[in-house]
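Visitor: Pasting in a structure now, in structure tokens, and then I'll have a few things to ask.
Number of protein chains: 2
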Amino acid sequence: MLHSFQEISEIINLNLNKLQLDKKSPAGLYLPAHYTLELGGKRIRPALVLMACNMFSDEVDAAITPALGIEVFHNFTLLHDDIMDHADIRRGQPTVHKKWNENTAILSGDVMQIIAYQLIAETPAACLKPVLDLFSTTAAEVCEGQQFDMEFEKRIDVDADEYIEMIRLKTAVLLGCSLKTGALIGGADERNAQILYDFGINIGLAFQLKDDLLDVYGDEAVFGKKIGGDILCNKHTFLLIHAKKRASGETKEKLFHYLSDTHITPNEKISGVTEIYNRLEVKKICEDAMSFYFEKAIANLKDIQIQEEKKKELLKLAQKLMHRND
Amino acid sequence: MLHSFQEISEIINLNLNKLQLDKKSPAGLYLPAHYTLELGGKRIRPALVLMACNMFSDEVDAAITPALGIEVFHNFTLLHDDIMDHADIRRGQPTVHKKWNENTAILSGDVMQIIAYQLIAETPAACLKPVLDLFSTTAAEVCEGQQFDMEFEKRIDVDADEYIEMIRLKTAVLLGCSLKTGALIGGADERNAQILYDFGINIGLAFQLKDDLLDVYGDEAVFGKKIGGDILCNKHTFLLIHAKKRASGETKEKLFHYLSDTHITPNEKISGVTEIYNRLEVKKICEDAMSFYFEKAIANLKDIQIQEEKKKELLKLAQKLMHRND
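Residue numbers (numbering that gives the first Met the number 0), protein chains in the order written: chain A, 0 to 325; chain B, 0 to 325.
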């Protein structure tokens, strides 16, 4: 039986609650980990694990614990990234290094990575080794993506290909890993499992480009964070990279002025850069790239050799993610 | 055939060199990990893995990669501990967060933990699950030990039992884990493997008490770090805990004066506190506790049901560690 996204989400939340990290000692180590998980989020990654498993197996129970492992790992990366990015707020709440301190944030993150592996290790023996290896490869790639992201902050010449490779590592591979993990546990053959991985990569890239667009063109109330955050910190998003490439003459001068002048007010900077984006039509370039990866993902899904009926929940979720406003 | 410690060390160093983390990209992520491993150290933990394996099997090849995993994990904990402890120097060289920066130290440490798991995952399939679970449990305990260590810095009422539990978690469990991992890979039964684990715990506790003693009574040139470091930072070592317990009257006043007066010179503080330790004979208490755990370890070794001949290299190493001056 094919579970709806709603049902899958309920299974995940129920089981996340059972982790009860807030009951573990020492509280100084485990409470910040519990807090990070409690901040919420869409639980997309564990949902992908279960949905992929469900495409090949009516039973999803065996995939639940590994799915939680991937969610704990994802939250660990958010916790450590927030230290590195000096981010004070996550999902409207103070980040761990703000609420506690930096040492707590480092060590609680470390133990979350271990807990993630403990949960992954509950994968059925028959596919433990491939799932474990995929998870480790992916986890290392996520670190590589974060490293590139930090290095890009200090560079002015990042090109679109480098940016796509960075977001592939930082964001997309964990979605691919989630799907392939679920597929393997569900009994998929290597070909179908790998196509689902590719689907995850393409959805992940489209997803991140959507995020870049929402940062500039989103509705603040719905998006849940301040519009223009990427613009204010000169983040080399797909939009900025293409704006820099297309700008010339007076527009180019103006753009570099906005990027370098520290006396400008935040609102002026956001509206000024947005105006340049509009003039250079980089929104369309970003939307086109997003559609390109989304279409590739849809083609991947078609390519999977199972009944079309089994694909429908994943297709629905992919479409929802592409048309989301938050 | 039983390998000598010397031979075992050569196998480990040869294979550590093959990791070649300095060849991996991005260098900004992997070079600090390589640097940390290159700082050296006695490679005790991987040696214990191979020696324990060798007690039950003539072949140690299957244990080499997991042994490296434990060494990489150990070095990861040093790297992150150095950030948390604001330590600038490790083995005579600048620490990663000093040589690079804190973000680099956090992220390189994170990827080292993943590499550790990748190496552990190369354990032969027949004992992968128990080895993996033991490793994760141990890794979490090491984090718990570090958490207690940091919490103790802010307390004045740490007692000897709490201290022993802290060093059990922070230091001893990884030695126990190393030995049990090697034993399991070598084909030991659960009883023998568990006794070797207990041997590791007892050696680890004795080892740490030895370290506490060397910090005060060691020879600086041989010890490799400054004498009195623990005294200067008011670290609740076994010596200080017992000194506080035994001190009374004028001696107590003097001890608390040394602990709280910030105008005193480092040399005055070290010689003053050492003089109190001598007067209260806490050196003997620490030596007795060390001998107590060492004897327990020797009893564990006797308890293992294999030919006495097979135990001799491990016994030799344990004795060497107890009589070391560095």
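All C-beta atoms, glycine included, are put in the ideal place defined by N, C-alpha and C.
Since phenylalanine 151 of chain B meets chain A, which of its residues come closer than 8 Å, beta carbon to beta carbon?
Guide: Within the second sequence, numbered from 1, the residue matching residue 151 of chain B stands at position 152. Correct list: empty, because the minimum Cβ distance to chain A is about 11 Å.
Visitor: Can you find at least 3 beta carbon pairs, one from the stretch 263-275 of chain B and one from the stretch 160-171 of chain B, that sit closer than 8 Å?
Guide: In short, these stretches do not touch, since the Cβ pair count stays below three.
Visitor: Taking a cut of 7 Å between CB atoms, which residues from the stretch 128-142 of chain B lie near chain D?
Guide: Protein chains in the displayed structure are A and B, and chain D is not among them.
Visitor: Which residue spans inside the stretch 116-196 of chain A form an unbroken beta strand (DSSP E) run of at least 3?
Guide: Taking only runs of at least 3 residues, no beta strand (DSSP E) segment lies wholly in the stretch 116-196 of chain A.
Visitor: Give the range of the alpha helix (DSSP H) segment to which isoleucine 43 of chain B is assigned.
Guide: Indexing the second sequence from 1 puts residue 43 of chain B at position 44. Segment 43-55, the alpha helix (DSSP H) holding isoleucine 43 of chain B.
Visitor: Report all residues from its chain with a CB closer than 6 Å to the CB of methionine 0 of chain B; omit the five preceding and five following residues, and keep chain order.
Guide: For the purposes of this step, residue 0 of chain B is identified with residue 1 of the second sequence, where counting begins at 1. So the qualifying residues of the chain are Asp57.
Visitor: Would you mind working out which of A:Ile11, A:Gln92, A:His96 sits nearest alanine 61 of chain A, comparing C-alpha positions?
Guide: Numbered from its first residue, the first sequence carries residue 61 of chain A at position 62. Considering only alpha carbons, the answer is A:Ile11.
Visitor: Please determine, among B:Ile240, B:Gly203, B:Thr35, the residue with the shortest C-alpha to C-alpha distance to leucine 316 of chain B.
Guide: Translated into the one-based positions of the second sequence, residue 316 of chain B becomes position 317. With distances taken between Cα atoms, leucine 316 of chain B lies closest to B:Gly203.
Visitor: Can you pull the chain B neighbours of alanine 120 of chain A, defined as C-beta to C-beta under 8 Å?
Guide: For the purposes of this step, residue 120 of chain A is taken as residue 121 along the first sequence, with counting starting at 1. Per Cβ cutoff of 8 Å: Lys128, Leu131, Asp132, Ser135.
Visitor: Check for me: the alpha helix (DSSP H) holding asparagine 233 of chain A runs from which residue to which?
Guide: Taking the first residue of the first sequence as 1, we reach residue 233 of chain A at position 234. Asparagine 233 of chain A -> no alpha helix (DSSP H), and no H or E assigned at all.
Visitor: Rounding to the nearest angstrom, what Cα-Cα distance links aspartate 218 of chain A and alanine 124 of chain A in this structure?
Guide: Stepping through the first sequence from its first residue, residue 218 of chain A is reached at position 219. Stepping through the first sequence from its first residue, residue 124 of chain A is reached at position 125. Their Cα atoms are separated by approximately 46 Å.
Visitor: From this set, A:Ile240, A:Phe4, A:Leu300, which residue's C-alpha is nearest aspartate 160 of chain A's C-alpha?
Guide: The residue given as residue 160 of chain A occupies position 161 in the first sequence. Minimum Cα distance to aspartate 160 of chain A is reached at A:Ile240.
Visitor: Run down chain B in chain order and give the residues with a C-beta less than 7 Å from the C-beta of asparagine 102 of chain A.
Guide: Mapped onto the first sequence, residue 102 of chain A falls at position 103. Within 7 Å Cβ-Cβ: Met83, Met149.
Visitor: Leaving aside the five residues before and after aspartate 229 of chain B along the sequence, list all residues of the same chain whose C-beta is less than 6 Å from its C-beta, in chain order.
Guide: On the second sequence, residue 229 of chain B is found 230 positions in, with the first residue counted as 1. Counting only Cβ-Cβ distances below 6 Å, and skipping sequence neighbours, we find Asp214, Thr236.
Visitor: Since glutamate 143 of chain A and leucine 28 of chain B should fall inside the 8 Å C-beta cutoff, what is the C-beta to C-beta distance between them, to a whole number of angstroms?
Guide: Reading the first sequence from its first residue, position 144 is the one you call residue 143 of chain A. Reading the second sequence from its first residue, position 29 is the one you call residue 28 of chain B. About 6 Å separates the two Cβ atoms, so the contact holds.
Visitor: For isoleucine 226 of chain B, tell me which candidate among B:Glu189, B:Ile63, B:Val272, B:Arg278 has the shortest Cα-Cα distance.
Guide: Within the second sequence, residue 226 of chain B is the residue found at index 227, counting from 1. Taking only the C-alpha atoms, the option nearest isoleucine 226 of chain B is B:Val272.
Visitor: Put arginine 90 of chain B into one of helix, strand or coil per three-state DSSP.
Guide: The count along the second sequence starts at 1 and reaches residue 90 of chain B at position 91. Residue state, collapsed to three classes: coil.
Visitor: For glutamine 146 of chain A and chain B, any beta-carbon pair shorter than 9 Å?
Guide: The residue labelled residue 146 of chain A in the question sits at position 147 within the first sequence. Interface residue, yes.
Visitor: Check the Cβ of alanine 124 of chain A against every Cβ in chain B and list those closer than 8 Å, keeping chain order.
Guide: Translated into the one-based positions of the first sequence, residue 124 of chain A becomes position 125. The contacting residues are Lys128.
Visitor: Just reading off the alpha helix (DSSP H) that threonine 64 of chain A is part of, what are its end residues?
Guide: For the purposes of this step, residue 64 of chain A is taken as the residue at position 65 of the first sequence. Where threonine 64 of chain A is concerned, the enclosing alpha helix (DSSP H) stretches over 60-83.
Visitor: Determine the closest residue to serine 259 of chain B out of B:Ser177, B:Ile155, B:Ile105, with distance taken between C-alpha atoms.
Guide: Against the second sequence, residue 259 of chain B aligns to sequence position 260. When each option's Cα is compared against that of serine 259 of chain B, the closest is B:Ile155.
Visitor: Measure the Cβ-Cβ separation of valine 95 of chain B and leucine 78 of chain B and say whether it is below 9 Å.
Guide: By one-based count along the second sequence, residue 95 of chain B stands at place 96. By one-based count along the second sequence, residue 78 of chain B stands at place 79. The answer is yes: Cβ separation under 9 Å.
Visitor: Between valine 141 of chain B and leucine 173 of chain B, is the Cβ-Cβ spacing less than 9 Å?
Guide: Counting from 1 along the second sequence, the entry for residue 141 of chain B is found at position 142. Counting from 1 along the second sequence, the entry for residue 173 of chain B is found at position 174. In this structure, leucine 173 of chain B lies closer than 9 Å to valine 141 of chain B by Cβ.
Visitor: Report buried or exposed for isoleucine 113 of chain A, applying the criterion of at least 16 other Cβ atoms within 10 angstroms of its Cβ.
Guide: In the first sequence, counting from the first residue as 1, residue 113 of chain A sits at position 114. It counts as buried.
Visitor: Which residue wins for smallest C-alpha separation from histidine 85 of chain B, given the options A:Ser135, A:Arg245, A:Asn102?
Guide: As a working note, residue 85 of chain B is residue 86 in the second sequence. The shortest C-alpha separation from histidine 85 of chain B is found at A:Asn102.
Visitor: Assign glutamine 19 of chain A to one of two classes, buried (16 or more other C-beta atoms within 10 Å of its C-beta) or exposed (fewer than that).
Guide: Mapped onto the first sequence, residue 19 of chain A falls at position 20. Counting Cβ neighbours within 10 Å, glutamine 19 of chain A comes out exposed, since fewer than 16 surround it.
Visitor: Does the separation of the CB atoms of threonine 180 of chain A and valine 48 of chain A fall below 9 Å?
Guide: The count along the first sequence starts at 1 and reaches residue 180 of chain A at position 181. The count along the first sequence starts at 1 and reaches residue 48 of chain A at position 49. Yes, Cβ-Cβ distance for threonine 180 of chain A and valine 48 of chain A is below 9 Å.
Visitor: Spell out whether any CB of chain A is found under 9 Å from the CB atom of glutamine 19 of chain B.
Guide: Numbered from 1 along the second sequence, position 20 holds the residue referred to as residue 19 of chain B. Answer no: the Cβ-Cβ gap between glutamine 19 of chain B and chain A never drops below 9 Å.
Visitor: Determine the DSSP secondary structure at threonine 264 of chain A, reduced to helix, strand or coil.
Guide: Taking the first residue of the first sequence as position 1, residue 264 of chain A is located at position 265. Coil at threonine 264 of chain A, not helix or strand.
Visitor: Flag histidine 79 of chain B as yes if its beta-carbon sits less than 9 Å from any beta-carbon of chain A, otherwise no.
Guide: For the purposes of this step, residue 79 of chain B is identified with residue 80 of the second sequence, where counting begins at 1. At least one chain A Cβ lies under 9 Å of histidine 79 of chain B.
Visitor: Label lysine 243 of chain A either buried or exposed according to how many other C-beta atoms from any shown protein chain fall within 10 Å of its C-beta, with 16 as the threshold for buried.
Guide: The count along the first sequence starts at 1 and reaches residue 243 of chain A at position 244. So lysine 243 of chain A counts as buried.
Visitor: If lysine 209 of chain A and methionine 289 of chain A are in contact, beta carbons under 8 Å, what's the gap, nearest whole angstrom?
Guide: The residue labelled residue 209 of chain A in the question sits at position 210 within the first sequence. The residue labelled residue 289 of chain A in the question sits at position 290 within the first sequence. Indeed they touch by this definition, with Cβ atoms about 6 Å apart.
Visitor: List the residues of chain A that glycine 27 of chain B touches, going by C-beta distances under 9 Å, in chain order.
Guide: Your numbering for residue 27 of chain B matches position 28 in the second sequence. What glycine 27 of chain B touches in chain A: Gln146, Phe147, Met149, Glu150.
Visitor: Residues of chain A with a CB under 9 Å from the CB of leucine 38 of chain B: which are they?
Guide: Counting from one through the second sequence, the residue named residue 38 of chain B turns up at place 39. Simply none; closest approach about 20 Å.
Visitor: Between the alpha carbons of leucine 212 of chain A and leucine 238 of chain A, how many angstroms are there, rounded?
Guide: In the first sequence, residue 212 of chain A corresponds to position 213, counting from 1. In the first sequence, residue 238 of chain A corresponds to position 239, counting from 1. The straight-line gap from Cα to Cα measures roughly 8 Å.
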